[in-house]
Structures are given as structure tokens and as C-alpha cells.
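Report on the following structure.
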Amino acid sequence: MPHSLFVYGTLMAPEVVKTLIGRVPPSMPAILKGYIRHPVIGHVFPGLIKCRDDNVCTEGLMYHELDYKEMRVLDWFEDVEYTRTNIEVQLVGDDSLNIETTQVYVWTNPGSDLDVAKSWVYREFRENRLDWYLKNTVKPCRHGLDELNY
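Residue numbers (the working numbering): 362 to 511.
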């Protein structure tokens, strides 16, 4: 059975996803209400936490047609800092209000590990940190997965 996944951080970059699972699954822009992403202190990636203001939205992508093995790879990559959780997102792209249930990685480390005074911005990550992140985090993770025959 295929899975779907809402992504809001580094997994929005096609280069990151392709390096990890070998392809870029079909995706649609989506919005998650009531959650906010903040930079993780000392890192280039964000954590997503529930926000007290339900009017706050986080923009991201919803990937479709992920298989079980691909989800396991992404679980391994996200590690124990995140918990994969069911969530409802609003798909963007047509005039209708299309809400779908999917999954998302929510930050489960203590809130003190997030810089809650700042927002994490995908465009800034993409322009300034993506190449470094691919070289120093994603490719070594992929190599580790290959060694595990994951």
C-alpha cells in the first residue's frame, strides 16, 4: 500500500530525497495548520512543533506513492529526533478545499533544542546550505544505509 508524507524542511529538496531513496516521488504543495517550524540550534534543518495559534501555517510538499522501504529509509534518516505522526494537510493547487490525511515528522526532542525566536526558511536553506548539507549529511547517511543493506 503506498504511503504519503508531508515534508516541510530539507526533504522538500528533490536532491535530498533522490539521494536517500533513489527517486523523487510525485508531490503537491500543501499547508499544515497549527504547526510551526524552527531551526534546530547548531544545525541547518528545522524541527516542527505544534503551535498554540491554529491560524499559523507551515508550507511544504506532500509526497505520494512512497513504498514501505522508502518510508523506512526516511524514518532512519530522521532518526529519534522526530516521530512520524498522522496529520491532516490542505493540498494547494486547485480552488477546492482539499484536506487529506497523511504523515509528518514532528520534532520530539526538547523544545529547548529549537531556536523558537526564528523561523526556518526553505529558500534560504536551498540557496545557502543545500550543497553543504548534501555533502556532509545526506550522502554520508546514504552511504551508511548502503553499508547496512537498508
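C-beta atoms are modelled at their ideal positions from N, C-alpha and C, and glycine is treated no differently.
Checklist entry - If we call anything under 8 Å between Cβ atoms a contact, is residue 481 one with residue 404? => result no
Item to check | As assigned by DSSP and simplified to three states, the class of residue 402 | outcome: coil
Checklist entry - Can you list, in chain order, the residues of its chain whose CB lies under 6 Å from that of residue 418, leaving out five sequence neighbours each side? => result Counting only Cβ-Cβ distances below 6 Å, and skipping sequence neighbours, we find 392, 394.
Checklist entry - residue 446 to residue 385, Cα distance in whole Å? => result Taking the straight line from one Cα to the other gives about 21 Å.
Checklist entry - CA-CA distance, residue 422 and residue 402? => result 24 Å
Checklist entry - Per DSSP, which one or two residues make a beta bridge with residue 445? => result 466
Next on the checklist: Assuming contact is defined by CB atoms lying nearer than 8 Å, are residue 473 and residue 425 in contact in what I supplied?
Outcome noted: Going by C-beta atoms, residue 473 is not nearer than 8 Å to residue 425.
Item to check | Beta-carbon proximity list for residue 435, same chain, < 6 Å, skipping 5 on both sides | outcome: Closer than 6 Å at the Cβ level, and outside the excluded window around residue 435, lies no residue.
Checklist entry - Based on the DSSP output, what are the partners of residue 368 in its beta bridges? => result 422
Checklist entry - Does the separation of the CB atoms of residue 438 and residue 495 fall below 8 Å? => result If you check the CB distance, residue 438 and residue 495 do not come in under 8 Å.
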